[in-house]
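Enquirer: Dumping the structure here so I can ask a few things about it.
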Amino acid sequence: MAFRQGGPCTCSEGGQCAAAAAQGKGPGSKSWEEAPDEDRVDSGFLDSFRSDCSLEGEKRSGETAATPLRDPAANPWTFLTDEGDTYLSLCIIHEEQRVALDLILQSPPEFLNFHNTLLQTPLHLAVYLHQVTVVRALVLKGADTAQQDRNGNTPFHLACQHGFLDCLQALTLAPTLPETSVFPSASSGPPALLALGLWNWKGLTCLHLAVLNQHWGILQYLLALGAEINAQDRTCGRTALHLAVEMGDANLVAILLENGAEVDPIMYNGCTPLHLAAGRLNVSIWNMLCQAGADRLQPNMEGETPQDLANSSRLGFAICQFDDLALWGRPYMPGKLI
């Protein structure tokens with residue numbers, strides 16, 4: 001069963017699918033019990049696999065870890081639902097993390113990258129459901145971190161959108177010595193960060209999503225990883241600084257300026273962040289940008305400068321260089337907090 005983000009379940013059987021798992025309505029809840037779903041994982045199937053699967057090869061119930069399941073049709077390596085979910089995906093959806101870890105340890109990397117009809121891999125599902133341990137195991141085992149779902153989102157995009165800093169760290173940190181003893185095939189260096197520069201189908205990078213959702217910690221972590229601070233979205237040509245101004249978030253603006261964001265990037269329509277600050281009558285951000293060196297006379301495609309927009313609005317009387325501009329309770333100057 002595919003895990004659908006945003007929107008009600010559309011299962012033909014009328015049961016609750018993985019969307020219920022994302023809302024915390026697991027198998028132990030009353031609502032789950034009252035609405036049986038013929039497509040969901042049979043608890044007996046899970047119990048059977050637990051008895052046959054081992055993290056370190058120890059015997060369980062008198063059988064070795066390599067003993068195949070008695071029902072060939074329920075083989076976890078070939079099992080697929082009508083919606084393309086593997087047995088591993090179902091274990092993640094239903095929060096059977098122990099079984100998921102068993103599967104990951106015994107799986108070839110290519111098995112970890114199977115996607116469902118929504119193009120969600122097990123790694124997408126683990127990030128979306130905030131299962132940090134499973135995310136880390138998938139990364140160490142070699143799961144592809146750059147695969148995109150039907151919305152163009154990689155696991156990185158999902159972590160940034162939802163503010164899961166721990167998942168983002170699980171996706172990016174280099175393996176530790178104890179981890180390499182469990183996952184010998186894990187790369188000695190940090191995982192590839194290709195996904196940081198990818199756009200989803202809305203034209204947004206991970207950095208854009210962090211700004212749009214006002215996740216300051218995620219933003220700072222991405223910048224520390226080397227995310228492109230001046231990357232433009234594919235719809236309007238906005239940079240992260242444009243988005244921060246649109247959000248009216250002076251803290252985000254300050255973080256971006258302190259980390260070297262270009263102060264006068266131009267959108268496809270010729271507007272700079274200062275145009276946006278003027279259009280939104282945001283005096284504090286206007287002054288922050290001006291003190292950072294923003295050009296008040298940069299025309300957009302309609303020939304309007306930020307100063308023109310300010311003069312034609314209520315912002316006109318207020319825009320001046322204040323000496324007492326403060327951020328987080330401290331005087332702010334471009335390049336530093338005093």
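For what it's worth, UniProt numbering labels the leading residue of the sequence shown as 1, then goes sequentially.
Here a beta-carbon is modelled for each residue, glycine too, at the ideal position from N, C-alpha and C.
Because the structure is a prediction, the values reported are computed rather than measured.
Nearest CA to the CA of L198: which residue from L212, V211, Q148?
Expert: Answer by Cα proximity: Q148.
Enquirer: What does a CB cutoff of less than 7 Å around residue 339 pick up in its chain, not counting 5 residues either side in sequence?
Expert: As displayed, the chain neither begins before 1 nor continues past 338, which places residue 339 out of reach and without an answer.
Enquirer: Grab the span of the alpha helix (DSSP H) containing L118 for me, first residue to last.
Expert: Per DSSP, L118 belongs to no alpha helix (DSSP H) and is neither H nor E.
Enquirer: Taking C-beta to C-beta, are L118 and P175 nearer than 8 Å?
Expert: It is not a contact, given that the beta carbons lie outside the stated cut-off.
Enquirer: With distances taken from CA atoms, which of N230, H215, N300, Q169 is nearest H162?
Expert: When only C-alpha atoms are compared, the closest one is H215.
Enquirer: What is the rounded straight-line gap between the Cα of L241 and the Cα of M301?
Expert: Approximately 19 Å between the Cα atoms of the pair.
Enquirer: Report, in whole angstroms, the separation of the C-beta atoms of T172 and L225, which I expect to be a contact under 8 Å.
Expert: Confirmed, Cβ separation roughly 6 Å.
Enquirer: With DSSP as the reference, label T180 as helix, strand or coil.
Expert: Helix.
Enquirer: Measuring alpha carbon to alpha carbon, tell me which residue in L222, T121, L204, H130 is nearest T235.
Expert: Of the listed residues, the one whose Cα sits closest to T235 is L204.
Enquirer: Is any non-hydrogen atom of the ligand COA found closer than 7 Å to the C-beta of L297, if you look at the structure I gave you?
Expert: This structure does not include the ligand COA; it has no bound ligands of any sort.
Enquirer: Could you tell me which residues DSSP pairs with T172 in its beta bridges?
Expert: DSSP, once it has assigned bridges, lists no residue as partnering T172.
Enquirer: Measuring only the C-alpha atoms, how far is I255 from E83?
Expert: Roughly 43 Å between the two C-alpha positions.
Enquirer: Please return the same chain residues whose Cβ sits closer than 7 Å to the Cβ of D233, not counting the five positions on each side in sequence.
Expert: These residues qualify, in order along the chain: G203, L204, H208.
Enquirer: Keeping to the same chain, check which residues put their C-beta closer than 8 Å to that of G248; ignore five residues upstream and five downstream.
Expert: Within the same chain, G248 has close Cβ partners R280, N282, I285.
Enquirer: Between which two residues does the alpha helix (DSSP H) carrying K141 extend?
Expert: First-last of the alpha helix (DSSP H) with K141: 132-141.
Enquirer: Please classify Y128: is it buried, with 16 or more other beta-carbons within 10 angstroms of its beta-carbon, or exposed?
Expert: Answer is buried; the Cβ neighbour count reaches 16.
Enquirer: To the nearest whole angstrom, what separates the beta carbons of N259 and I218, a pair I think is in contact under 8 Å?
Expert: Not a contact, Cβ separation roughly 14 Å.
Enquirer: With distances taken Cα to Cα, identify the nearest neighbour of V263 among A100, A292, S313.
Expert: Minimum Cα distance to V263 is reached at A292.
Enquirer: Could you tell me if N153 is buried or exposed, where buried requires 16 or more neighbouring beta carbons within 10 angstroms of its beta carbon?
Expert: Under this definition N153 is a buried residue.
Enquirer: Return the chain-ordered ranges of every beta strand (DSSP E) run that is complete within the UniProt repeat "ANK" (269-295) and spans a minimum of 3 residues.
Expert: Runs of the beta strand (DSSP E) inside the UniProt repeat "ANK" (269-295): none found.
Enquirer: I'd like to know whether the C-beta atoms of A210 and L222 end up nearer to each other than 8 Å.
Expert: Yes, the pair counts as a contact, with Cβ atoms nearer than the cut-off.
Enquirer: What do you get for N311, buried or exposed, if any count of 16 or more other CB atoms within 10 angstroms of its CB means buried?
Expert: So N311 counts as exposed.
Enquirer: Among residues of its own chain, excluding the 5 on either side of residue 355, which ones have a beta-carbon nearer than 7 Å to its beta-carbon?
Expert: Past the boundaries of the shown model lies residue 355; the chain is included only from 1 to 338, so the question cannot be answered.
Enquirer: Buried or exposed for P265, going by 16 or more other Cβ atoms inside 10 Å?
Expert: Buried.
Enquirer: Rounded to the nearest angstrom, how far is the Cβ of I93 from that of Q131, given a contact under 8 Å?
Expert: The Cβ separation is near 10 Å, so there is no contact.
Enquirer: Within the same chain, show all residues whose beta-carbon is closer than 7 Å to that of A21, passing over the 5 residues directly before and after it, in chain order.
Expert: Summary for A21: the model assigns pLDDT 39, below 50, so the residue's position carries little reliability, and this model does not support an answer.
Enquirer: Looking at the strands, I want to know which residues DSSP matches up with L80.
Expert: DSSP, once it has assigned bridges, lists T86 as partnering L80.
Enquirer: Is S181 buried or exposed, if buried means 16 or more other CB atoms sit within 10 Å of its CB?
Expert: Flag for S181 reads exposed.
Enquirer: Name the two residues that bound the continuous alpha helix (DSSP H) containing N251.
Expert: Its alpha helix (DSSP H) spans residues 250-258.
Enquirer: Is the beta carbon of T86 closer than 8 Å to that of F114?
Expert: A contact, by the Cβ cut-off of 8 Å.
Enquirer: Taking the C-alpha atoms as reference points, what is the distance between S107 and Q169?
Expert: The alpha-carbon atoms of S107 and Q169 are separated by roughly 23 Å.
Enquirer: Just the Cα atoms here: how many angstroms apart are A100 and E110?
Expert: Looking at the two C-alpha atoms, the distance is approximately 15 Å.
Enquirer: Span of the alpha helix (DSSP H) holding P311?
Expert: Looking at the sequence shown, residue 311 is not Pro but Asn. Taken as a continuous stretch (DSSP letters only), the alpha helix (DSSP H) holding N311 covers 306-311.
Enquirer: Between the alpha carbons of C167 and A159, how many angstroms are there, rounded?
Expert: Rounded to whole angstroms, C167 to A159 spans 6 Å at the Cα level.
Enquirer: If the criterion is Cβ atoms closer than 8 Å, does the pair T121 and Q97 meet it?
Expert: Cβ distance not < 8 Å, so T121 and Q97 don't count as in contact.
Enquirer: Within 10 Å of its beta-carbon, does L177 have 16 or more other beta-carbons around it, so buried, or fewer, so exposed?
Expert: So L177 ends up on the exposed side.
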